[in-house]
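Numbering (the working numbering), first residue to last: 5 to 131.
Notes follow the structure.
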């Protein structure tokens with residue numbers, strides 16, 4: 005009886021510890037991530053670590069996509085940014101996404117009177 009109880013407790017503790025670790029860690033990318041808003045979109049392409057910023061509204065205002073990075077034990081800062089507007093197609097940039105820190109995308113609308121109104125943000129991710 006004692007060994008059966010010990011096994012059950014051990015299995016329960018292992019499952020609880022695994023659940024805690026998985027809930028604390030940010031989601032790994034391993035896939036494309038897109039954030040959308042009325043004015044545009046920003047997409048992370050995992051294969052090649054490329055980011056596209058697209059103005060999808062004919063309102064005459066641009067959109068600004070920012071990639072934020074938070075190193076382990078550090079604070080969030082803007083790693084890269086790209087603006088798109090007034091032309092056909094999207095603007096893009098590359099940035100190596102790795103498992104050493106956390107990343108997050110944020111999209112801003114640069115409309116008249118709104119210099120940098122945040123319109124969308126992604127979940128925190130890494131590889």
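Beta carbons are placed, not taken as given, at the ideal position from N, Cα and C, and that holds for glycine.
Note that this is a predicted model, so its numbers are computed, not measured.
Counting the other CB atoms within 10 Å of its CB gives residue 122 a total below 16, which places it among the exposed residues. Under DSSP, the beta-bridge partners assigned to residue 84 are 71.
DSSP places residue 61 in no beta strand (DSSP E); its state is neither H nor E. Per the DSSP secondary-structure output, residue 47 pairs in a beta bridge with 38, 56. Excluding its 5 nearest sequence neighbours in each direction, residue 84 has C-beta neighbours in its own chain below 6 Å: 71, 97, 99, listed in chain order.
Segment contact: the stretch 74 to 81 against the stretch 52 to 63, fewer than three CB-CB distances shorter than 8 Å; contact not assigned. Sequence-distant Cβ neighbours of residue 87 in its own chain, meaning closer than 6 Å and more than five residues away, are 66, 68.
Under the DSSP assignment, residue 98 falls in the beta strand (DSSP E) whose first and last residues are 95 to 98. Out of 129, 128, 131, 124, the CA that lies nearest to the CA of residue 44 is found in 124.
Comparing alpha-carbon positions, the option among 56, 73, 116 lying closest to residue 128 turns out to be 73. CA-to-CA, the gap between residue 38 and residue 55 works out to about 10 Å.
For residue 130 against residue 106, the beta-carbon gap comes to about 6 Å, under 8 Å, which counts as contact. When secondary structure is reduced to three states using DSSP, residue 101 falls in the coil class, being assigned neither helix nor strand.
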